[in-house]
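Structure first, then comments.
Residue numbers (this note's numbering): 62 to 184.
What follows is the structure in structure tokens.
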């Protein structure tokens, strides 16, 4: 059995869970050019996104933010949010989640490019 984390493939790219502990979880997201995740919110966690490669266009409660390498975006619990990659190279984000639950069933989707709006699913 490998000690390396596995990739979780999605239509927008993939993510790897780097670390999970009570109270926080750390993920590495790779977002393909021209892709974005769902416009969503969580009731049990907040998120902090650190851009490590590329340029991130984030929407937090309807406000668009552009973040470069080294910049951090804060997503308070209950805020509607999404990130997008409008560039021609991959976007890589380190995401730190804090809260008491990190399951995929805490995702409430409002808009989605892949037909998942209004659904709570692991994909």
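Note that the Cβ used here is the ideal one computed from N, Cα and C, for glycine as well.
- Task: Please report how far the alpha carbon of residue 91 lies from the alpha carbon of residue 74, in whole angstroms.
- Result: The residue you call residue 91 lines up with position 30 of the chain shown. The residue you call residue 74 lines up with position 13 of the chain shown. Cα-Cα distance, rounded: 6 Å.
- Enumerate, from N- to C-terminal direction, the unbroken beta strand (DSSP E) stretches of 3 or more residues contained entirely within the region 80-161. Complete beta strand (DSSP E) runs here, min 3: 85-92, 100-102, 106-114, 117-121, 124-128, 133-136, 142-145 and 152-160.
- Have a look at 176, 146, 165 and 174 and flag the residue whose alpha-carbon is nearest the alpha-carbon of residue 102. Here residue 102 refers to the residue found at position 41 of the chain shown. Closest option to residue 102, Cα to Cα, is 165.
- Query: Does the beta-carbon of residue 142 have 16 or more other beta-carbons within 10 angstroms, so that it is buried, or is it exposed?
  - Reply: Stepping through the chain shown from its first residue, residue 142 is reached at position 81. Classification of residue 142: buried, given that the 10 Å Cβ count is 16 or more.
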